[in-house]
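A.B. asks:
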Amino acid sequence: MIALGLLTASAGCHAAWNLLLKRGGLGGPAFVWLCGLLTLPISVVLLVRGSLTTVWWAGLVSMLLHTTYAVTLQKAYSFGEFSTVYSVSRGTAPALVAVATMGTRVFAGAALVLVGVLLMERPHSRRPARGVVLGLAVATCTAAYTLWDGFAVSSLHVDLLTYLAVANVAQVVVLSAVVSDRRKALQNWRQALPIAVLMPASYGLVLVALSVASVGTVAIGRSLNVVVGVLLGVVVLHERLNRSRVIGLATMVGGVLLVSV
Numbered sequence: 014m015i016a017l018g019l020l021t022a023s024a025g026c027h028a029a030w031n032l033l034l035k036r037g038g039l040g041g042p043a044f045v046w047l048c049g050l051l052t053l054p055i056s057v058v059l060l061v062r063g064s065l066t067t068v069w070w071a072g073l074v075s076m077l078l079h080t081t082y083a084v085t086l087q088k089a090y091s092f093g094e095f096s097t098v099y100s101v102s103r104g105t106a107p108a109l110v111a112v113a114t115m116g117t118r119v120f121a122g123a124a125l126v127l128v129g130v131l132l133m134e135r136p137h138s139r140r141p142a143r144g145v146v147l148g149l150a151v152a153t154c155t156a157a158y159t160l161w162d163g164f165a166v167s168s169l170h171v172d173l174l175t176y177l178a179v180a181n182v183a184q185v186v187v188l189s190a191v192v193s194d195r196r197k198a199l200q201n202w203r204q205a206l207p208i209a210v211l212m213p214a215s216y217g218l219v220l221v222a223l224s225v226a227s228v229g230t231v232a233i234g235r236s237l238n239v240v241v242g243v244l245l246g247v248v249v250l251h252e253r254l255n256r257s258r259v260i261g262l263a264t265m266v267g268g269v270l271l272v273s274v
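Quick note: the sequence shown, position 114, residue 127 per this note's numbering, numbers continuous.
1) Could you tell me the alpha carbon to alpha carbon distance between Asp194 and Ala43, rounded to whole angstroms?
2) Quick check on Ala263: buried or exposed, where buried means 16 or more other Cβ atoms within 10 Å of its Cβ?
3) Comparing C-alpha positions only, which one of Val61, Thr153, Leu20, Thr80 sits nearest to Ala183?
4) By how many angstroms is the C-alpha of Ala89 removed from the C-alpha of Val241?
5) To which residues of the same chain is Gly25 closer than 7 Å at the C-beta, ignoring the five residues directly before and after it?
6) Evaluate Ile233 with the Cβ neighbour count: other Cβ atoms within 10 Å of its Cβ, from every protein chain shown; 16 or more gives buried, anything less gives exposed.
7) Just the Cα atoms here: how many angstroms apart are Arg196 and Leu147?
8) Quick check on DSSP: helix, strand or coil for Pro136?
9) Quick one: is Trp46 buried, meaning 16 or more other Cβ sit within 10 Å of its Cβ, or exposed?
10) Rounded to whole angstroms, what's the CA-CA distance from Ser138 to Ala178? Just pull it up for me.
11) How about Gly246 and Ser96: are their beta carbons less than 7 Å apart?
12) For Leu220, which option in Leu60, Val231, Leu211 has the closest C-alpha, if you only look at C-alpha atoms?
13) If you count every other CB in all the chains shown that lies within 10 Å of the CB of Trp30, and 16 or more means buried, which is it?
14) For Ile208, does the count of other Cβ atoms within 10 angstroms reach 16, so buried, or fall short, so exposed?
15) Just confirm the distance between the C-beta atoms of Ser75 and Asp162, as a whole number of angstroms; I'd bet it's less than 8 Å.
16) Quick one: residues in its chain with C-beta nearer than 8 Å to the C-beta of Ala16, no 5 flanking neighbours on either side, listed in chain order?
17) So Ser215 and His27 are in contact, right, with Cβ under 8 Å, and what is the actual spacing, rounded?
18) Return the first residue and the last residue of the alpha helix (DSSP H) that Gly72 is part of.
19) Quick check: the Cα distance between Pro136 and Val185, rounded to an integer number of angstroms?
20) Does the beta-carbon of Gly18 have 16 or more other beta-carbons within 10 angstroms, so that it is buried, or is it exposed?
21) Just reading off the alpha helix (DSSP H) that Gln13 is part of, what are its end residues?
22) Rounded to whole angstroms, how far is the Cβ of Gly59 from the Cβ of Ala205, which I believe are closer than 8 Å?
23) Are there 16 or more other CB atoms within 10 angstroms of the CB of Pro54, so buried, or fewer, so exposed?
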């Protein structure tokens, strides 16, 4: 239940920054670089005070996976409806993690979550094909970093704050070599600031949850993000909420509770 509480708080932060990202219409490596840059001073302080040991190389792997995820997510939002991309990406990832982690209850929960996603997106089959495909690509990235970070926390016993700091500093350094027009990117700092705060906050809560629950349980629990995300899409972006989506959401919540309680 502790993990479920942490994941519920994380869901609120995660859905909020995804909504801000979709509404802002900004994307690409430049925006990812800017978000990392805004939290760089905090990361440097954490690095100075922390213990690097195995963290540095594990953090580099995490950085590569999370950077790929962030750029892919922005690409998906540029083509697809928020509710579609968010639902598919957050709802499918647990099924992919379940295949890797193996476990009867985890498989059952993942199956319910996946059925919920299919129920929610069935009425929108005319237009969102590209959004669904890109959402599945985001889900693959999510599953990859979830499995890696779970390994880093449970097997390598990394210090969470230092681990996040290494990944963030490395991301800023790598993207600084990729982003050509950094001055233009800096002009968007007001839009990037809340995302830069909410993004590490949401995932920091996930890493804490990984320290008290299995990777499969946490992956399924993160599907709660879909509930918050769809509701935000309806209220803020005026996207449709029909009977199929309501049934789909209820099914997904059932899958989450099956592995979390």
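All residues carry an ideal CB built from backbone N, CA and C; glycine is no exception.
C.D. replies: So, from the data block:
1) Start at 1 with the first residue of the sequence shown, and residue 194 comes out as number 181. Start at 1 with the first residue of the sequence shown, and residue 43 comes out as number 30. If I take the Cα positions, the gap works out to 8 Å.
2) One-based indexing of the sequence shown puts residue 263 at position 250. So Ala263 counts as exposed.
3) For the purposes of this step, residue 183 is identified with residue 170 of the sequence shown, where counting begins at 1. Out of Val61, Thr153, Leu20, Thr80, Thr80 has the C-alpha closest to the C-alpha of Ala183.
4) In the sequence shown, counting from the first residue as 1, residue 241 sits at position 228. In the sequence shown, counting from the first residue as 1, residue 89 sits at position 76. Taking the straight line from one Cα to the other gives about 19 Å.
5) Residue 25 sits at position 12 when you count from the first residue of the sequence shown. Only Val241 meet the Cβ criterion.
6) Counted from its first residue, the sequence shown places residue 233 at position 220. That one is buried.
7) Reading the sequence shown from its first residue, position 183 is the one you call residue 196. Reading the sequence shown from its first residue, position 134 is the one you call residue 147. Going by the C-alpha atoms only, they are around 29 Å apart.
8) Locating residue 136 in the sequence shown gives position 123, counting from the first residue. Its pLDDT being 46, under 50, Pro136 is placed unreliably in this model, and the coordinates cannot settle the point.
9) Mapped onto the sequence shown, residue 46 falls at position 33. Buried: at least 16 other Cβ atoms inside 10 Å.
10) In the sequence shown, counting from the first residue as 1, residue 138 sits at position 125. In the sequence shown, counting from the first residue as 1, residue 178 sits at position 165. Any answer about Ser138 is weak, because its pLDDT of 48 lies below 50 and its placement is not dependable; what the coordinates show is given next. Looking at the two C-alpha atoms, the distance is approximately 41 Å.
11) The residue given as residue 246 occupies position 233 in the sequence shown. The residue given as residue 96 occupies position 83 in the sequence shown. Yes; because the gap between Cβ atoms is below 7 Å, this pair is in contact.
12) In the sequence shown, counting from the first residue as 1, residue 220 sits at position 207. The shortest C-alpha separation from Leu220 is found at Val231.
13) Within the sequence shown, the letter at position 17 stands for residue 30. Flag for Trp30 reads buried.
14) Counting from one through the sequence shown, the residue named residue 208 turns up at place 195. That one is buried.
15) Your numbering for residue 75 matches position 62 in the sequence shown. Your numbering for residue 162 matches position 149 in the sequence shown. Confirmed, about 6 Å.
16) Your numbering for residue 16 matches position 3 in the sequence shown. Correct list, in chain order: Ala222, Val225, Ala226, Thr230, Val231, Gly234, Ser273.
17) The residue given as residue 215 occupies position 202 in the sequence shown. The residue given as residue 27 occupies position 14 in the sequence shown. Yes, Ser215 and His27 are in contact; Cβ-Cβ is about 4 Å, under 8 Å.
18) Taking the first residue of the sequence shown as position 1, residue 72 is located at position 59. That run of the alpha helix (DSSP H) goes 68 to 92.
19) Within the sequence shown, numbered from 1, the residue matching residue 136 stands at position 123. Within the sequence shown, numbered from 1, the residue matching residue 185 stands at position 172. Low per-residue confidence applies at Pro136: pLDDT is 46, beneath 50, and the placement is therefore not dependable, though the value from the model is reported in the following sentence. Going from the Cα of Pro136 to the Cα of Val185 covers about 41 Å.
20) Here the question's residue 18 lines up with position 5 in the sequence shown. By the neighbour-count rule (16 or more Cβ atoms within 10 Å), Gly18 is not buried but exposed.
21) No statement about residue 13 is possible, as the shown extent of the chain runs from 14 to 274 and does not include it.
22) Taking the sequence shown and counting its residues from 1, the one referred to as residue 59 is at position 46. Taking the sequence shown and counting its residues from 1, the one referred to as residue 205 is at position 192. The sequence as given places Leu at residue 59; Gly does not occur at that position. In this structure Leu59 is not in contact with Ala205, their Cβ atoms being roughly 20 Å apart against a cut-off of 8 Å.
23) Counted from its first residue, the sequence shown places residue 54 at position 41. Using a 10 angstroms sphere on the CB of Pro54, the tally of other CB atoms stays under 16, which defines it as exposed.
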